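The opening position of the first sequence corresponds to residue 13 in this note's numbering, with each subsequent residue numbered one higher. Right, one structure below, let's go through it.
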Amino acid sequence: MSVSFNLATDLDAALKSAALAAGLTDAAAFTPEVRTADPRNGDYQSNGVLGYAKARKLNPRAVADQLVAGLAPEVHERCEVTVAGPGFLNFTLKPAALLAWLRVFDTEEHLRAGAAAAHAGQTWVVDYSSPNTAKQMHVGHLRSAVIGEAICRMLAFTGARVIRDNHLGDWGTQFGKLIYGYKRWADPTALAADPIEELERVYKLGHAATPDDSPELNEARAELVKLQNGDLENFALWKKFSDVSLAAFQQIYDRLGIRFDHNLGESFYNDKLERIYAELGEVKIAEVSDGALVVFHPEHPRFKTQPFIIRKADGASNYGSTDLATALYRAEHFKADGIVVVTDFRQGDHFEQLFLTVKKWFAAKNHRLPELHHVTFGAVTGEDGKALKTRDGGVIKLKALLDEAEERAFAIVNEKSPELSESERREIARFVGIGAVQYADLSQNRSSNYVFSWDKMLALDGNTAPYLLYAVARIHSIFRKLAIVPGDASTDSLASALETPAELALARKLVKLPDTIRLAAETLRPHFLGLYLYELAGEFSAFYAADKVAVDDPAVRARRLLLCARTLVTLETGLHLLGLRTLTRM
RNA sequence: GCACCUGUAGCUCAACUGGAUAGAGCGCCAGACUACGAAUCUGGAGGUUAGGGGUUCGACUCCCUUCAGGUGCACCA
Numbered sequence: 013m014s015v016s017f018n019l020a021t022d023l024d025a026a027l028k029s030a031a032l033a034a035g036l037t038d039a040a041a042f043t044p045e046v047r048t049a050d051p052r053n054g055d056y057q058s059n060g061v062l063g064y065a066k067a068r069k070l071n072p073r074a075v076a077d078q079l080v081a082g083l084a085p086e087v088h089e090r091c092e093v094t095v096a097g098p099g100f101l102n103f104t105l106k107p108a109a110l111l112a113w114l115r116v117f118d119t120e121e122h123l124r125a126g127a128a129a130a131h132a133g134q135t136w137v138v139d140y141s142s143p144n145t146a147k148q149m150h151v152g153h154l155r156s157a158v159i160g161e162a163i164c165r166m167l168a169f170t171g172a173r174v175i176r177d178n179h180l181g182d183w184g185t186q187f188g189k190l191i192y193g194y195k196r197w198a199d200p201t202a203l204a205a206d207p208i209e210e211l212e213r214v215y216k217l218g219h220a221a222t223p224d225d226s227p228e229l230n231e232a233r234a235e236l237v238k239l240q241n242g243d244l245e246n247f248a249l250w251k252k253f254s255d256v257s258l259a260a261f262q263q264i265y266d267r268l269g270i271r272f273d274h275n276l277g278e279s280f281y282n283d284k285l286e287r288i289y290a291e292l293g294e295v296k297i298a299e300v301s302d303g304a305l306v307v308f309h310p311e312h313p314r315f316k317t318q319p320f321i322i323r324k325a326d327g328a329s330n331y332g333s334t335d336l337a338t339a340l341y342r343a344e345h346f347k348a349d350g351i352v353v354v355t356d357f358r359q360g361d362h363f364e365q366l367f368l369t370v371k372k373w374f375a376a377k378n379h380r381l382p383e384l385h386h387v388t389f390g391a392v393t394g395e396d397g398k399a400l401k402t403r404d405g406g407v408i409k410l411k412a413l414l415d416e417a418e419e420r421a422f423a424i425v426n427e428k429s430p431e432l433s434e435s436e437r438r439e440i441a442r443f444v445g446i447g448a449v450q451y452a453d454l455s456q457n458r459s460s461n462y463v464f465s466w467d468k469m470l471a472l473d474g475n476t477a478p479y480l481l482y483a484v485a486r487i488h489s490i491f492r493k494l495a496i497v498p499g500d501a502s503t504d505s506l507a508s509a510l511e512t513p514a515e516l517a518l519a520r521k522l523v524k525l526p527d528t529i530r531l532a533a534e535t536l537r538p539h540f541l542g543l544y545l546y547e548l549a550g551e552f553s554a555f556y557a558a559d560k561v562a563v564d565d566p567a568v569r570a571r572r573l574l575l576c577a578r579t580l581v582t583l584e585t586g587l588h589l590l591g592l593r594t595l596t597r598m
């Protein structure tokens, strides 16, 4: 009996065949709509009968009965099939089918191989993090980095070639003021100690020294013009700003497990903008309005009057220009099948206008159009519901936030596991602290605001990183105590049929991983995966409390160890997909 | 003014994009370690899904409308 990774897909195909076999009228139009079910009803349910029967004035229960009769014998061998309510088809996997699946999908590699069909052969560019150079990363940069990385990993797991592109804000008017300030007030010692801190200091001085309509502002503008015209000194300064910024960013990224393939910031597109203006003019999508080159979308309720500005009246580019060039570069150079941009919801209008423009432009020029996704997320707020700030109202730097996470986790580890060595406790605190920050963000639907709470993210109960990491550590502990390697083939081969309610409940949850991965990757919403892992850890804890693993009967013990091993690999795989690092003890 | 997002238990969040009796954690109440990690588990109480209308076999989910909060809207990104 061959075992498919995604059992729901199998059932969907089997039901379509059954519709034909049963001779349903218009059988080709029947869509089974298979989905995971509430465990009380079964493992999977098919809801397609209701709509199908309704549209054709048939009795849905009679149609459901026909389908059940037409199902291939293998389906009945694997599942209990029942008709319920007005015409739901319920499928409950039999213990042997559960065990068969668990035997095949036993490692991260095998799970990956199973999941890889979804995006096989596709290239996806993910644009996330994207801070401005010469500035520190702050709490506002957290969500894009964390959510973006999780999305990258999920896409890669489902078979895509993923290109991580950090679209840095490394060009623009602020560099005139920065160079102006730098040339006057930069302190070499401070610069060596903490370059970004110093750049921020001299930028503030430069900004304060160049008020509107002042001769100083004209000097700052002149610095910018020199930079744009390729002046060697200013260009070297700008390059230095970028280099030290990237080095500082990487310190943060290392802590979050992020490594970009490219850092193609706005400056990269400077020499690619003329083509944009030319093509959009040529196909008559862009027009001049008040001196600026803009795009209107007459079919849109708002963008018919709200312009998408792609070149300013003074001839300078803006982020409309560079984002258009970016889309083209990703389509042409990377041959992207999909582009994902991860920014906060306030840029919704911009990307809606951008994507509308790209679709028309690519169609007119016959450029191949990738799928375009703007992945948005809400704000990070304090527990008062307002933007998260330091006590004195300042911006919270990302470095300080991660430091505090580790410190708070360290205090908890000291309390819970004083017997471990300090270096071990430090390492655990790093994994738990950073993981808590990442997971707090990923565990909830990204479209709403997220209330930042140390106590909640570091809690040991509930849908938190510590709870999940604890489940992982506890399973490792079982194998350590028994001196067995998780997933050991000789142990697995002894396993007898699953029997107890807790064993079956855990196994039924384990085989749902494919459905969860599909859902999370398709919707680009990592919280579906987080929720699944939390529920899985809960099922495991219930199983662990109900059924002793290290019993004398070798067959019972082997099957429970198999369940432990699969839970472990599923939790670890899932947490790694979210960007967390897991522990063997904590 | 136009548009987008959000509104679910006291609090923080889910609900598989239209499916069956809306679920968790915290907090509250009552229980479980001379068994493998109690950083855990088992039970209980707690709901007019902001209000109102509509669509249909079925609505937290889609449409209309009102209310509340947030955000964006001509040359910052």
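Here a beta-carbon is modelled for each residue, glycine too, at the ideal position from N, C-alpha and C. All of these numbers come straight from a predicted model, not from anything done at the bench.
For the alpha helix (DSSP H) that residue 42 lies in, which residues bound it at each end? Looking at the DSSP string, residue 42 is not in any alpha helix (DSSP H), and its letter there is neither H nor E.
What's the gap between the Cα of residue 382 and the Cα of residue 97? 43 Å
Output the distance between the C-alpha atoms of residue 420 and residue 63, rounded to the nearest integer angstrom. 53 Å
Residue 431 in three-state terms, based on DSSP: coil
Grouping DSSP H, G and I as helix and E and B as strand, with all else coil, what is residue 11? The structure shown does not extend to residue 11, since the chain spans only 13 to 598, so no value can be given for it.
Hey, quick one: how far does the beta strand (DSSP E) through residue 100 stretch, first residue to last? 100 to 105
Helix, strand or coil for residue 117? Go by DSSP, reduced to three states. coil
Would residue 296 and residue 212 be called neighbours here (beta carbons separated by less than 8 Å)? no
Looking only at its chain, what residues have a beta carbon closer than 8 Å to the beta carbon of residue 601, apart from the 5 residues adjacent to it on each side? Residue 601 falls outside the range modelled here, since the chain spans only 13 to 598, and no answer is possible.
Over what stretch of residues does the alpha helix (DSSP H) that includes residue 530 continue unbroken? 525 to 535
Please state whether DSSP places residue 504 in a helix, a strand or coil. helix
Shortest alpha-carbon distance to residue 118 belongs to which of 34, 583 and 597? 583
Classify residue 530: buried if its beta carbon has 16 or more other beta carbons within 10 angstroms, exposed otherwise. buried
Decide yes or no for the touch test of the segment 217 to 226 against the segment 274 to 284: beta carbon pairs closer than 8 Å, at least 3 of them. no
Measure the C-alpha to C-alpha separation of residue 442 and residue 252 and round it to an integer number of angstroms. 31 Å
Under 8 Å between the Cβ atoms of residue 580 and residue 526? no
Residue closest to residue 42, alpha-carbon to alpha-carbon, out of 51, 27 and 389: 27
Identify, in the order they occur along the chain, each residue of the same chain with its Cβ nearer than 7 Å to the Cβ of residue 126, setting aside the five sequence neighbours on each side. 17, 117 and 526
According to DSSP, residue 56 sits in a beta bridge with which residue or residues? 48 and 103
Compare the C-alpha of residue 598 against each of 551, 467, 268 and 427 and name the closest. 427
My assumption, with CB atoms under 8 Å, is that residue 24 sits in contact with residue 46. Please give the rounded CB distance. 5 Å
Return helix, strand or coil for residue 253, following the three-state DSSP convention. helix
C-beta contact flag for residue 112 and residue 256 at 8 Å: no
Residue burial classification, residue 406 (beta-carbon count within 10 angstroms, cutoff 16): exposed
Burial state of residue 32, where buried means 16 or more other Cβ atoms lie within 10 Å: exposed
For residue 123, which residues of its own chain have a beta-carbon under 6 Å away from its beta-carbon, when the five flanking residues on both sides are left out? 117 and 585
If you reduce the DSSP assignment to three classes, tell me which class residue 556 lands in. helix
Selection from 344, 100, 465 and 371 that minimises the alpha carbon distance to residue 400: 465
Do residue 232 and residue 218 have their beta-carbon atoms positioned less than 8 Å apart in this structure? yes
Residue 269 and residue 593 closer than 8 Å at C-beta: yes
Closest residue to residue 53 among 504, 102, 484 and 332 (Cα-Cα distance): 102
On the three-pair Cβ rule with 8 Å, is the segment 470 to 479 touching the segment 443 to 462? yes
Among 589, 491 and 542, the one whose alpha carbon lies nearest that of residue 574: 491
Burial state of residue 562 (16 or more Cβ within 10 Å): exposed
Taking 8 Å as the limit between beta carbons, can you name the residues of its chain near residue 346, skipping five residues before and five after? 135, 137 and 175
With burial defined as no fewer than 16 other Cβ atoms inside 10 Å of the residue's Cβ, what is the status of residue 541: buried or exposed? buried
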